[in-house]
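Have a look at the structure below before the remarks.
Numbering (our numbering), first residue to last: 5 to 167.
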């Protein structure tokens, strides 16, 4: 089984590297996002809710992107939904979001928004000066995938004595 996980890790890593190379062809550069304690309260032009239906039922919220007024921010995450405020989240999603890592979408001393994601995800920020509609692109990557519920349950015969 460790051999299969190693092969899966190599495939996933190479796929992610290829995706980064392709994205970098269209975007000028990667920007480091500073960590912030929490998303400041206030009005935002847009809040993007990222969904992951492949995750466990209590982990389907893949993150939130808060976009400041007059900011040009987008994401390439395939399952996204625009919400008006945090009150549209379910009680479990609100609870989960309180434990997310939060980063500022900032460049040149100005903050354009915030990204709030679970620890199982990584966010990268790309800047493209030529694209007025999407000057900053937030790329979200799921760091681990679960095979099934059997992953958490020990299999019969998996121990040294076949227990």
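Each residue gets a CB set at the ideal place from its N, CA and C atoms; glycine is no exception.
Everything numeric in this text was worked out from a predicted model, so none of it was measured.
Contact between residue 39 and residue 105 holds, with the beta-carbon distance rounding to 7 Å and staying under 8 Å. Less than 8 Å separates the beta-carbon of residue 77 from that of residue 116. Counting along the chain, residue 126 sits inside no alpha helix (DSSP H); it lies in the beta strand (DSSP E) bounded by residues 125-131. Nearest in C-alpha terms to residue 88, of all of 34, 122, 53, 67, is 53.
Collapsing the DSSP output to three states places residue 63 in a helix.
Counting of Cβ neighbours within 10 angstroms places residue 113 among the exposed residues, the total staying below 16.
Around residue 101, the same chain offers 65, 68, 90, 93, 120 as residues with beta carbons nearer than 8 Å, after the five sequence neighbours per side are excluded. In the DSSP assignment, residue 98 falls within the unbroken alpha helix (DSSP H) covering 95-101.
The criterion of a C-beta distance shorter than 8 Å is not satisfied by residue 118 and residue 146.
Exclusion of the five residues before and after residue 85 leaves 53 as the residues of its chain whose Cβ lies within less than 6 Å of its Cβ.
Ranked by Cα distance from residue 48, the first of 131, 75, 140 is 75. When the Cα atoms are used, residue 83 and residue 11 turn out to be separated by approximately 27 Å. Judged by their CB atoms, residue 71 and residue 129 are not nearer to each other than the 8 Å cut-off. Per DSSP, the continuous beta strand (DSSP E) segment holding residue 35 begins and ends at 33-35.
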